[in-house]
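Before any comments, here is the structure.
Protein chains: 2
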Amino acid sequence: MSPTSQKAPGDARPGGRSARVRAAVHRAVEELLAESTVEALTIPVIADRAGVHSTTVYRRWGSVGELLAAVAINRFSGDLVVPDTGTLRGDLEQWATDVATDLADPDVSALMRATVGASKNGPADVCVVDRRAQLAAMLARETERGGRPPSVEQVEDFVLGPLYYRATYTAQPGDPAWARTLVTHVL
Amino acid sequence: MSPTSQKAPGDARPGGRSARVRAAVHRAVEELLAESTVEALTIPVIADRAGVHSTTVYRRWGSVGELLAAVAINRFSGDLVVPDTGTLRGDLEQWATDVATDLADPDVSALMRATVGASKNGPADVCVVDRRAQLAAMLARETERGGRPPSVEQVEDFVLGPLYYRATYTAQPGDPAWARTLVTHVL
């Protein structure tokens with residue numbers, strides 16, 4: 001159950017051979033990211049690893065950038081369950097801990113960096129669109145309970161901001177204890 | 001006057017032909033980033049644009065990743081003067097406004113995204129190492145005045161965090177007014 005319905009090019013056709021090609025190509029991208037420098041990530045190299053023709057990949061995704069966006073949407077969608085602990089603080093603490101744990105995974109950060117690198121004409125929002133939707137769901141639930149939660153923007157700025165800044169630009173990724181202090185700061 | 005002395009490979013030799021090659025190659029990278037997709041940014045393409053042999057570029061920088069790091073260090077070093085307004089709040093507000101303005105420049109964000117993309121084996125800290133040094137200088141000055149400033153980490157988390165998060169991952173880059181509210185939040 002993903003809270004977003006966003007689709008990237010090349011990911012619209014379900015089932016059969018098409019699904020197998022998609023899975024092989026996505027897996028090839030993730031394997032190559034884990035192994036190689038960014039220069040090696042070209043469509044011929046990806047197609048070779050996936051065991052499909054380059055023309056198939058070009059026709060379906062168009063560019064490495066589009067393909068990375070598709071892989072990122074797939075990886076960053078629906079893999080975190082929206083916490084439901086009964087309180088907003090509990091929900092946000094669980095969620096921030098989950099995000100910190102995810103960002104500390106080298107495969108996740110490699111995919112994230114490559115997606116940022118490939119999104120030169122705009123922001124790499126495929127990396128965060130699902131987090132934002134999960135956040136909106138938790139804050140809406142608090143409003144229904146009669147609470148007065150901070151805005152989505154405030155929690156993005158002061159919880160996701162530090163988490164993604166550290167993961168992207170510093171050598172000290174956040175740990176769960178620190179992620180929980182960010183929640184205290186915003187509530 | 002750059003507050004850091006960090007050097008990237010290929011940038012150590014001053015003067016003469018070496019300096020001209022360096023300038024031509026750096027300019028080629030920035031031009032190509034402004035024009036092309038990330039796939040096109042290979043050493044042969046950069047060398048051709050710079051009018052030098054590929055072997056020169058390979059020998060000096062080794063990879064597109066190292067070269068992008070060198071361009072980023074050059075671009076993100078020393079171009080912001082450390083504000084000295086007489087108060088910590090004034091200094092940080094000026095500094096946050098400068099950072100927000102810089103991050104809103106499409107050429108800056110293109111170079112930043114490409115550097116992140118090329119730094120797949122670690123964080124893209126060349127993008128922020130100079131900001132951190134400027135910040136440390138302002139906070140040290142406040143301590144000398146007898147003040148009790150927040151830590152470098154706190155200002156990084158709650159000022160640089162939101163600024164870089166928005167520039168990298170969202171479609172709403174920060175503006176100067178919003179940047180100043182981040183400072184209010186941390187003081």
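In the order they appear, the protein sequences are chains A and B. If you're matching positions, the first sequence starts at 1 in full-length UniProt numbering and goes up one per residue. If you're matching positions, the second sequence starts at 1 in full-length UniProt numbering and goes up one per residue. Beta carbons are placed, not taken as given, at the ideal position from N, Cα and C, and that holds for glycine.
Buried versus exposed call for residue i [16 or more other C-beta atoms within 10 Å across all chains shown]
{"i": "A171/B", "result": "exposed"}
{"i": "D130/B", "result": "buried"}
{"i": "E144/A", "result": "exposed"}
{"i": "H26/A", "result": "buried"}
{"i": "A47/B", "result": "buried"}
{"i": "R20/A", "result": "exposed"}
{"i": "T168/B", "result": "buried"}
{"i": "L41/B", "result": "buried"}
Same chain only: Cβ atoms within 7 Å of residue i, ignoring 5 sequence neighbours per side
{"i": "Y58/A", "result": "I43"}
{"i": "T115/A", "result": "L68, A69, A72, A124, V126 and C127"}
{"i": "T85/A", "result": "D91 and Q94"}
{"i": "H185/A", "result": "F158"}
{"i": "G147/B", "result": "L88"}
{"i": "P176/A", "result": "T97, A100 and T101"}
{"i": "S109/A", "result": "L103 and A167"}
Cβ of residue i within 8 Å of any chain A Cβ
{"i": "A124/B", "result": "yes"}
{"i": "T58/B", "result": "Per the sequence presented here, residue 58/B reads as Tyr, with Thr not at that position. No, its Cβ sits nowhere closer than 8 Å to a Cβ of chain A."}
{"i": "D102/B", "result": "no"}
{"i": "R145/B", "result": "no"}
{"i": "D107/B", "result": "no"}
{"i": "residue 191/B", "result": "This structure cannot speak to residue 191/B, because chain B is shown only from 1 to 187."}
{"i": "A179/B", "result": "no"}
{"i": "V183/B", "result": "no"}
Residues near residue i by beta carbon distance below 6 Å, same chain, minus five either side
{"i": "G174/B", "result": "A100, L163 and R166"}
{"i": "L135/B", "result": "V152 and V155"}
{"i": "P54/A", "result": "With the sequence shown as reference, residue 54/A is identified as Ser, and Pro is not the correct amino acid for it. So the qualifying residues of the chain are I43, P44 and A47."}
{"i": "E142/B", "result": "L88 and P149"}
{"i": "K7/A", "result": "The predicted model places K7/A with a pLDDT of 44, which falls under 50 and marks its position as unreliable; any figure quoted below should be read in that light. Excluding residues within five positions, none has a Cβ falling inside 6 Å."}
{"i": "R22/B", "result": "none"}
Residue-level contact to chain B via CB, residue i, 8 Å cutoff
{"i": "R49/A", "result": "no"}
{"i": "S77/A", "result": "no"}
{"i": "G117/A", "result": "yes"}
{"i": "P162/A", "result": "yes"}
{"i": "V128/A", "result": "yes"}
{"i": "T87/A", "result": "no"}
{"i": "P176/A", "result": "no"}
{"i": "A136/A", "result": "no"}
{"i": "T168/A", "result": "yes"}
{"i": "R113/A", "result": "yes"}
{"i": "A171/A", "result": "yes"}
{"i": "D157/A", "result": "yes"}
Short Cβ contact (8 Å threshold) for residue i with residue j
{"i": "L187/A", "j": "A96/A", "result": "no"}
{"i": "V64/A", "j": "A118/A", "result": "yes"}
{"i": "G51/A", "j": "G161/B", "result": "no"}
{"i": "R49/A", "j": "A28/A", "result": "yes"}
{"i": "R75/A", "j": "L103/A", "result": "no"}
Contacts around residue i, its chain only, beta-carbon distance under 8 Å, and the 5 residues preceding and following it disregarded
{"i": "G16/A", "result": "none"}
{"i": "W178/B", "result": "A100"}
{"i": "P150/B", "result": "L139, V186 and L187"}
{"i": "A24/B", "result": "A50, G51 and V52"}
{"i": "R180/B", "result": "E93, A96 and T97"}
{"i": "R113/A", "result": "T168"}
{"i": "D105/B", "result": "none"}
{"i": "S18/A", "result": "none"}
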